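The structure under discussion appears below in the form of structure tokens.
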Amino acid sequence: MRKFIFLILVLFSLTNCKKEKEGGNMDTDPVYPPAPVYIETPGFPDCSLDLEDATLDFEDGTPTSGPNYYLVTRADTGIEGFRVSPLDENRLLLLVRYRIDRYEYTDRMAVYNIVTNTFEPVGDFVVNDIAVPDWNNKERILYTSSGGLIFSVNPDGSDMQQLTSSYRNFYPLWNPQGDHFFFHQYNPATQGRFNLVANGIGQILDTIFTQRTRFTDWVQEDIILLGGVFIYLDLKSDLDYGFENLDDAASSMTMSIPGEILYLTNTSEKPRYLSAYNLGTREFRNVKYSCISNAFECIDYAPKNKKLIISLNRLVQTGPQNLKEVHDLYIMDVDGGNPKLIKTFH
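Here the numbering used here is used: the first residue of the sequence shown is 6, the next is one more, and so on.
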């Protein structure tokens, strides 16, 4: 009798994890992820600044009222995202936000070397900030232009090639072998959304219709990670897997050991977590947390060094009602231990 009741409970629980088939239809997937396991780990780098009930003003001016009102000065140079080089894991391809004047910013690419602490811009052209550029094992860079076209270029800005001819192409990602790339295309005439796979010179090899619009990393030949509500695309079946019962949206994702996805969650009212999801056991766990004043931005994995690189948007108090935004790059173990600051952008 106990076995029968247990079987009923198991069958009842396997109903809420969904996958999206071609055309956007949602079917029941017999997998329901368990509740996240919260592991108490130290926040970093510092959670002494309590902004839980604060009002933050990111405009230049003078704070007007209230002890919990803060004026925030944005960093002149900020990190929008980055990729570890498959060729040299000490090199990071950065999507950088530069301040032009009081309110205007521009986004460009740069290569940062962890060992030599050198920072080299990739050309002088503007990059669309909707997606982090990607580079392959020959360090050939894919990026979306400000006009929504996909280009490839070398790290020194040479040999630029246009790979798409229609506009509204985003999220270019190299496959692990570095010879094909994936991108998302929106057709305003038909309201259609397509995921396309092309070779290195832009010739289309495959087309997948989808409703998903945000892609973060091509981690295995058959798995592409998707941001937002925690989901991933299986290229073998053309199915999008989603866990819509999760409280937090993934802002950046990567894969460390095969089958384990690491992702960052950011919320405005509670700590931000570095979390993990195991594709085999379907278990969630929280690896490390930050606090309300420190926002996780981007994560990537260096498989040879077996290290995580994480960027953090941090607020530093500079006056009674004044805060300064800075961007930090950290390197740490896969379990979140031994975090080491490698670069701060002001």
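Cβ coordinates follow ideal geometry from the N, Cα and C atoms, glycine included. Computed from a predicted model, the values in this text were never measured in an experiment.
Whole-angstrom distance between residue j and residue i, CA atom to CA atom
i      : j      : result
Ser151 : Lys309 : 34 Å
Thr111 : Arg88  : 19 Å
Gln393 : Gly153 : No information on residue 393 is available, as it lies outside the stretch 6 to 351 that the chain covers here.
Ile347 : Leu317 : 12 Å
Lys422 : Ala300 : Limits of the chain in this structure are 6 at one end and 351 at the other, which puts residue 422 out of reach.
Val120 : Lys345 : 13 Å
Leu98  : Ile155 : 17 Å
Asn327 : Leu54  : 12 Å
Pro177 : Lys329 : 33 Å
Tyr108 : Tyr335 : 28 Å
Ile266 : Ile314 : 14 Å
Gly264 : Pro325 : 47 Å
Gln322 : Gly83  : 18 Å
Pro138 : Met337 : 23 Å
Ser280 : Arg113 : 29 Å
Pro50  : Asn343 : 12 Å
Arg319 : Leu61  : 13 Å
Phe187 : Val224 : 12 Å
Thr33  : Phe289 : For Thr33, the predicted structure reports a pLDDT of 37, less than 50, and the residue's modelled location is therefore unreliable. A value from the coordinates is still provided. Straight-line Cα distance between these residues: approximately 20 Å.
Asp161 : Thr286 : 43 Å
Asp129 : Ser171 : 23 Å
Trp140 : Asn122 : 20 Å
Phe220 : Tyr282 : 17 Å
Same chain only: Cβ atoms within 8 Å of residue i, ignoring 5 sequence neighbours per side
i      : result
Ile209 : Leu201, Val202, Ala203
Ile262 : Val339
Own chain partners of residue i with C-beta closer than 7 Å, once the 5 adjacent residues on each side are dropped
i      : result
Arg4   : The first residue shown for the chain is 6 and the last is 351, placing residue 4 beyond what the model contains.
Lys241 : Asp227
Tyr125 : Inspection of the sequence shows that residue 125 is occupied by Glu rather than by Tyr. Contacts found: Ala115, Val116.
Asp305 : Phe87, Arg88, Val89, Thr259, Ile314
Pro181 : Trp223, Gln225, Glu226
Residues of its chain near residue i, where Cβ-Cβ distance is below 6 Å and the 5 sequence neighbours each way are ignored
i      : result
Leu92  : Asn142, Glu144
Cys303 : Gly86, Phe87, Ser257, Ser316
Ala59  : Asn73, Tyr75
Arg173 : Gly153, Tyr191
Phe63  : Val77
Leu284 : Gly264
Ala40  : Confidence in Ala40 is poor, its pLDDT being 46 and thus under 50, which makes the residue's placement unreliable; the coordinate value appears in the next sentence. None.
Gly205 : Asp184
His351 : Ala80, Val331
Tyr278 : Thr270, Asn291, Tyr294
Asp211 : Val202
Thr349 : Val331, Asp333
Glu94  : Ala307, Lys309, Asn310
Proximity below 8 Å, CB of residue i to CB of residue j
i      : j      : result
Phe175 : His185 : no
Ile146 : Ser157 : yes
Thr149 : Asn133 : yes
Asp222 : Thr270 : no
Ile353 : Leu56  : Residue 353 cannot be examined here, being either before or after the span of the chain that is shown, 6 to 351.
Leu168 : Gly207 : yes
DSSP beta-bridge partners of residue i
i      : result
Arg88  : Leu98
Arg145 : Note: Arg145 sits in no beta bridge, so no partner.
Ala59  : For Ala59, which the question treats as bridged, DSSP gives no partner whatsoever.
Thr259 : Leu267
Gly83  : Arg102
Arg113 : Val101
Gly324 : Asn327
Residue i Cβ short of 7 Å to the ligand GDP heavy atom set
i      : result
Thr259 : This structure simply doesn't include the ligand GDP, nor any ligand for that matter.
Touch test, the region 77 to 86 against the region 97 to 108, Cβ-Cβ under 8 Å, three pairs minimum:
The answer is yes - the region 97 to 108 touches the region 77 to 86, with three or more Cβ pairs under 8 Å.
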